[in-house]
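In the order they appear, the protein sequences are chains A and H.
Number 359 in my numbering belongs to position 84 of the first sequence; there are no gaps in the numbering.
Number 112 in my numbering belongs to position 90 of the second sequence; there are no gaps in the numbering.
We put the CB at the ideal spot given by N, CA and C, even for glycine.
Keep in mind it's a predicted model, so treat the numbers as computed, not measured.
Just below is one structure, and these are the notes that go with it.
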Amino acid sequence: MAETTGALGLTAAQVKSKKMKSLKRFIPIYVMALPGLVYLFINNYMPLPGLVLAFKNYNVKGGIWGSPWAGLSNFKYLFATQDAFIITRNTICYNLTFIVINTFCAIAVAIILSEITSKAKKFYQSAILLPHLISAVIISYLVYAFLSTENGFINNAILKPLGQEFISWYTEKKYWPFILVIVNIWKSVGYSCIIYLSTIVGFDKGYYEAAAIDGATKWQQITRITIPLLKPTIIMLVLMSVGRIFYSDFGLFYQVPRNSGALYSVTNTIDTYVYRGLLELGDITMSAAAGFYQSLVGFVLVLSANLFVRKIDRDSALF
Amino acid sequence: MKKILVLILSVVLSVVSLAGCGSGSSNTTGKETDTQEAATVAEDNLSLAEQAIAERKESGNYPTIVMAFLNWTGAPSGTERIQNLISAYTEEKLGIHVRLEILDSSSYSQQMTLMLASGEQVDLFNAVYVGYSSSVNKGYCLDMEENDLIQTYGQGILDTMNDVYVNACRINGTLYGVPQQRDMAIGMGGYVIAAEYLDGIGYDYASMYTEGSEFIQTTPEEIEEIFEKLHETYPNIYVFAPQESFVRNSVVYDDIGGDVFGVLMDMNKLEVSNVYSSEAFKALCEKAYEWNQAGYISRDTLTDNTTGAAQVKAGTAMAYMSALKPGIAAQEAGIVGRDIVVFQTSENIMRSGAVASMPWCISSQSENQTAAMQFLELCYTDPYLSNLLCWGEEEVEYVKTEDGHITFADGVDAQSTEWYNNVNWEMPNQFIAEIWEGNDLAIWDKMEKFNNEANVTKALGFTFDNSSVTSEYSALKNVYDEYIYQLIYGFTNPETGIPEMINKLEVAGLQKYMDAKQTALEEWEVSNKISE
Numbered sequence: 276m277a278e279t280t281g282a283l284g285l286t287a288a289q290v291k292s293k294k295m296k297s298l299k300r301f302i303p304i305y306v307m308a309l310p311g312l313v314y315l316f317i318n319n320y321m322p323l324p325g326l327v328l329a330f331k332n333y334n335v336k337g338g339i340w341g342s343p344w345a346g347l348s349n350f351k352y353l354f355a356t357q358d359a360f361i362i363t364r365n366t367i368c369y370n371l372t373f374i375v376i377n378t379f380c381a382i383a384v385a386i387i388l389s390e391i392t393s394k395a396k397k398f399y400q401s402a403i404l405l406p407h408l409i410s411a412v413i414i415s416y417l418v419y420a421f422l423s424t425e426n427g428f429i430n431n432a433i434l435k436p437l438g439q440e441f442i443s444w445y446t447e448k449k450y451w452p453f454i455l456v457i458v459n460i461w462k463s464v465g466y467s468c469i470i471y472l473s474t475i476v477g478f479d480k481g482y483y484e485a486a487a488i489d490g491a492t493k494w495q496q497i498t499r500i501t502i503p504l505l506k507p508t509i510i511m512l513v514l515m516s517v518g519r520i521f522y523s524d525f526g527l528f529y530q531v532p533r534n535s536g537a538l539y540s541v542t543n544t545i546d547t548y549v550y551r552g553l554l555e556l557g558d559i560t561m562s563a564a565a566g567f568y569q570s571l572v573g574f575v576l577v578l579s580a581n582l583f584v585r586k587i588d589r590d591s592a593l594f
Numbered sequence: 023m024k025k026i027l028v029l030i031l032s033v034v035l036s037v038v039s040l041a042g043c044g045s046g047s048s049n050t051t052g053k054e055t056d057t058q059e060a061a062t063v064a065e066d067n068l069s070l071a072e073q074a075i076a077e078r079k080e081s082g083n084y085p086t087i088v089m090a091f092l093n094w095t096g097a098p099s100g101t102e103r104i105q106n107l108i109s110a111y112t113e114e115k116l117g118i119h120v121r122l123e124i125l126d127s128s129s130y131s132q133q134m135t136l137m138l139a140s141g142e143q144v145d146l147f148n149a150v151y152v153g154y155s156s157s158v159n160k161g162y163c164l165d166m167e168e169n170d171l172i173q174t175y176g177q178g179i180l181d182t183m184n185d186v187y188v189n190a191c192r193i194n195g196t197l198y199g200v201p202q203q204r205d206m207a208i209g210m211g212g213y214v215i216a217a218e219y220l221d222g223i224g225y226d227y228a229s230m231y232t233e234g235s236e237f238i239q240t241t242p243e244e245i246e247e248i249f250e251k252l253h254e255t256y257p258n259i260y261v262f263a264p265q266e267s268f269v270r271n272s273v274v275y276d277d278i279g280g281d282v283f284g285v286l287m288d289m290n291k292l293e294v295s296n297v298y299s300s301e302a303f304k305a306l307c308e309k310a311y312e313w314n315q316a317g318y319i320s321r322d323t324l325t326d327n328t329t330g331a332a333q334v335k336a337g338t339a340m341a342y343m344s345a346l347k348p349g350i351a352a353q354e355a356g357i358v359g360r361d362i363v364v365f366q367t368s369e370n371i372m373r374s375g376a377v378a379s380m381p382w383c384i385s386s387q388s389e390n391q392t393a394a395m396q397f398l399e400l401c402y403t404d405p406y407l408s409n410l411l412c413w414g415e416e417e418v419e420y421v422k423t424e425d426g427h428i429t430f431a432d433g434v435d436a437q438s439t440e441w442y443n444n445v446n447w448e449m450p451n452q453f454i455a456e457i458w459e460g461n462d463l464a465i466w467d468k469m470e471k472f473n474n475e476a477n478v479t480k481a482l483g484f485t486f487d488n489s490s491v492t493s494e495y496s497a498l499k500n501v502y503d504e505y506i507y508q509l510i511y512g513f514t515n516p517e518t519g520i521p522e523m524i525n526k527l528e529v530a531g532l533q534k535y536m537d538a539k540q541t542a543l544e545e546w547e548v549s550n551k552i553s554e
């Protein structure tokens with residue numbers, strides 16, 4: 276309170292000099308941020324004018340700006356066929372599932388890891404993180420080692436001793452929503468739990484000590500202290516993944532099902548559809564249109580989700 | 023804030039002005055060469071070419087021609103040495119230097135598109151993978167007959183190549199690229215079977231070869247019988263390893279425009295139809311289904327991308343299909359690493375895209391178009407240069423054998439050689455280069471005969487610009503990917519699978535796509551006066 280009244284009593288000149296002072300104080304921090312800002316500018320802002328390609332009929336002689344306008348015709352192929360519904364449905368439903376399950380698993384893993392005090396913690400954490408660092412192509416072969424009809428682990432080591440018929444995994448649609456969700460959790464949980472874990476580690480130990488003195492169990496500490504304190508982090512991360520809800524993990528949906536045609540109705544997403552359709556066409560304007568559409572929808576979703584969060588809990592909103 | 027704005031502005035301005043300089047200077051040089059050419063056009067053609075060489079030599083300022091092509095593994099380690107040898111030779115012959123830009127096949131299309139689009143120096147490039155007609159549409163390729171460029175500076179190319187093939191590279195009457203000497207036709211219905219298994223079932227193939235032929239001409243029924251016996255004798259090895267090319271190598275049709283959506287089922291009639299509703303396709307799928315049910319085909323075929331040759335090499339399969347041409351038996355035996363027998367069950371045909379699928383083009387942005395054309399001509403006509411491109415340096419990479427072949431030099435093998443591109447089919451003229459040991463010395467005569475005697479499509483040289491139906495194409499391609507492998511590998515009953523595929527193709531706009539092709543075909547027919 277004393278500070279606020281002091282600030283109110285300051286003259287305009289004093290306010291200005293204070294601002295200058297704080298600015299000066301932060302100069303080293305700005306300098307530290309500079310490389311990142313430059314990178315952000317080059318990587319994320321400079322290509323923005325290229326979005327115009329989505330509306331152009333590109334040719335080399337004219338270049339990006341000289342090529343004739345094409346209106347919305349580059350977007351047509353995304354909506355023109357009966358597949359449009361399937362790929363949109365798959366993209367959104369899988370991503371929603373991933374957001375819910377991954378968030379849940381990541382928090383659970385983070386809490387468990389934070390409770391481990393032994394030296395093995397580092398090992399556990401690395402082991403969980405490892406799949407995130409493996410390329411999708413290798414993951415597809417790991418999955419293949421399990422699911423291959425002839426030589427796969429599941430068919431030979433599990434179903435055969437049980438006297439069951441071999442399952443032709445790569446032609447049976449019904450298993451794939453589960454396979455993809457499981458593979459995705461395995462692959463990404465290690466990475467997404469890092470932020471939660473680091474947040475938990477930063478919590479004031481005092482809360483827990485006080486709770487323990489009052490006789491709170493571990494479970495009560497988790498549900499009453501850890502999770503409420505994690506809420507802003509959870510909201511931020513969920514909002515960020517909502518922004519990418521129209522993008523799919525290409526490696527997961529293209530490599531892991533090994534491009535098997537019989538599975539398309541449950542594995543085809545916007546990215547794989549665009550890739551298959553344009554691989555031989557090499558039409559950069561159509562791919563620009565797909566990217567434009569995905570980021571536009573993502574942008575709108577982030578804004579509306581944020582609006583929604585702000586209506587409920589103003590402090591947790593991103594902006 | 024202002025300072026930052028000023029900084030950003032100045033950066034932007036300098037970038038813009040730099041870009042401006044770049045394009046400005048290239049424009050002026052382009053004009054200069056044009057006027058120079060125009061000024062001297064009145065003189066004798068032959069001396070014009072010589073004059074250009076003399077001028078370059080006098081000025082002592084040798085332009086560097088960048089020649090881009092792909093191979094399977096990226097630039098070999100000997101690239102710089104070979105490039106220097108070529109440069110030394112062309113400096114004396116043409117007054118130019120040459121830089122080879124050899125790119126890995128997997129990234130070739132992307133890298134070339136980037137280089138051509140960004141204006142990086144590329145003078146000569148091969149349009150394989152990049153796509154000839156799309157390169158032309160995007161404006162990458164120079165009109166070779168503009169100011170009689172090819173007639174004046176590249177007559178040797180026209181003399182070397184058959185007119186029919188050169189004309190097949192015209193797009194709307196304009197020549198944007200020239201084909202190379204290679205196999206243009208393909209032998210259909212070619213089955214490669216490892217000889218040891220044929221011996222195992224007591225099949226007497228040795229007496230079946232006709233004089234001077236490397237294939238055994240036979241019938242599909244005979245192959246069927248062989249497969250049956252093979253399966254009986256070797257139940258633990260898969261009989262047949264089908265691949266995506268199964269349809270292309272079995273069904274006689276012309277996939278005009280380079281895609282399978284709308285083809286000529288009768289190659290003598292310019293009438294577009296759907297190959298997937300044809301009897302031939304149905305018969306093939308039924309056969310595949312039968313074979314799959316009988317256990318001839320691996321149950322992992324759908325997800326296993328290993329080539330047929332590699333599976334036979336590994337001993338997991340006994341037969342695969344291959345497009346045939348003279349020299350194929352030696353080539354496949356080399357890949358498989360076992361003795362093989364090649365059967366042919368169908369005829370030799372030449373499809374419309376065969377000739378113009380990978381022509382050599384001069385970049386429209388090249389600043390040395392004359393020099394590029396002259397270098398290209400030398401590649402077509404000069405055996406020394408062709409040998410360098412195809413086989414590398416004599417006595418280093420290869421040596422001549424007593425019988426007139428060439429082989430690896432001492433201490434060099436396929437692994438250790440510094441120049442083993444395996445892309446001689448891409449080089450302008452492999453016919454004038456040496457012949458590798460194990461091949462028929464008369465292989466190129468046979469090749470010419472093979473090309474000349476094939477059943478040639480009426481649409482030879484037709485290319486299709488599908489830019490007005492790209493949405494349909496991308497939808498069709500997705501349907502194709504969804505169904506084709508299940509059907510041709512025999513995992514789906516064709517009774518239900520084919521109608522389902524056809525139905526989905528139709529919903530995806532097959533008719534519209536085929537109509538567009540038919541219209542383009544008719545226009546092409548008129549502009550190329552095919553009917554006469």
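- Residue environment: Ile587 of chain A is assigned as exposed (fewer than 16 neighbouring CB atoms within 10 Å of its CB, all protein chains considered).
- What Gly325 of chain A touches in chain H, judged by beta-carbon distance under 7 angstroms, is nothing: the nearest beta carbon there is about 12 angstroms away.
- With its beta carbon less than 8 angstroms from one in chain A, Glu504 of chain H belongs to the interface.
- With a beta-carbon spacing of about 6 angstroms, Ala538 of chain H and Ser490 of chain H fall inside the 8 angstroms limit used to define contacts.
- Each residue's CA atom was taken as its position, placing Tyr507 of chain H and Phe330 of chain A some 35 angstroms apart.
- Note: His119 of chain H is bridge-paired with H:Thr86 in the DSSP secondary-structure output.
- By the C-beta density criterion, Trp466 of chain H is buried, having at least 16 other C-beta atoms within 10 angstroms.
- Taking a C-beta distance under 8 angstroms as the contact criterion, Glu113 of chain H and Tyr84 of chain H qualify as a contact pair.
- Using a Cβ-Cβ cut-off of 8 angstroms, Gln508 of chain H is close to Thr446, Gly536, Ala537 of chain A, given in chain order.
- For Lys351 of chain A, the nearest CB of chain H lies under 8 angstroms from its own CB, placing it at the interface with that chain.
- Contact between Leu455 of chain A and Gly518 of chain A does not hold, since the beta-carbon distance rounds to 21 angstroms and is not under 8 angstroms.
- The beta-carbon of Asn500 of chain H is placed less than 8 angstroms from the nearest beta-carbon of chain A.
- Using beta-carbon distances, Val529 of chain H counts as an interface residue toward chain A, with a partner under 8 angstroms.
- The C-alpha of Val384 of chain A lies about 28 angstroms from the C-alpha of Tyr529 of chain A.
- With respect to the C-alpha of Ala402 of chain A, the residue from A:Ser443, A:Glu447, A:Leu422, A:Lys462 having the closest C-alpha is A:Lys462.
- Here DSSP, grouped into helix, strand and coil, assigns Trp441 of chain H to coil.
- Leu146 of chain H: not part of any alpha helix (DSSP H); member of the beta strand (DSSP E) spanning 146-148, first to last residue.
- One finds nothing in chain A with a Cβ atom closer than 9 angstroms to the Cβ of Thr518 of chain H; even the nearest lies about 13 angstroms away.
- Secondary structure within the segment 362-448 of chain H: the alpha helix (DSSP H) runs of 4 or more consecutive residues, fully enclosed, are 391-403, 405-413 (chain order).
- Judged by DSSP in its simplified three-state form, Asp276 of chain H adopts strand.
- Secondary structure remark: continuous alpha helix (DSSP H) runs of at least 4 residues inside the segment 178-236 of chain H, in chain order: 185-190, 217-222.
- Look at Ile259 of chain H here: in three-state DSSP terms it is coil, with no helix or strand label.
- Using a Cβ-Cβ cut-off of 7 angstroms, Phe365 of chain H is close to nothing in chain A; its nearest Cβ partner there is about 27 angstroms away.
- Distance between Thr492 of chain A and Phe567 of chain A, taken at the CA atoms: about 50 angstroms.
- Nearest neighbour of Gly117 of chain H by Cα position, chosen from H:Ala542, H:Leu400, H:His427, turns out to be H:Leu400.
- Taking 8 angstroms as the cut-off, the beta carbon of Val334 of chain H is found no closer than this to the beta carbon of Met343 of chain H.
- Within chain A, the C-beta atoms nearer than 7 angstroms to that of Asp322 of chain H come from Ser423, Thr424, Glu425, in chain order.
- Between Leu328 of chain A and Ser496 of chain H, the C-beta gap is not smaller than 8 angstroms, which leaves the two residues out of contact.
- Membership of Tyr399 of chain A in the alpha helix (DSSP H) is indicated by the continuous run 395-408.
- In the DSSP assignment, the residues bridged to Asn451 of chain H are H:Gln203.
- Contact with chain H is absent for Met515 of chain A, since none of that chain's Cβ atoms lies less than 8 angstroms from the residue's Cβ.
- By the criterion of a C-beta distance shorter than 7 angstroms, Pro450 of chain H is surrounded in its chain by Gln202, Trp382, Leu398, Cys401, Tyr402, once the five residues flanking it on both sides are discounted.
- Annotation for Tyr568 of chain A: the continuous alpha helix (DSSP H) segment containing it runs 559-587.
- Look at the beta carbons and you see the segment 352-368 of chain A not touching the segment 443-450 of chain A: under three pairs across the two are nearer than 8 angstroms.
- The beta carbons of Ile361 of chain A and Ser540 of chain A sit closer together than 8 angstroms.
- In this structure, Glu448 of chain H keeps its C-beta atom at 8 angstroms or more from the C-beta atom of Met536 of chain H.
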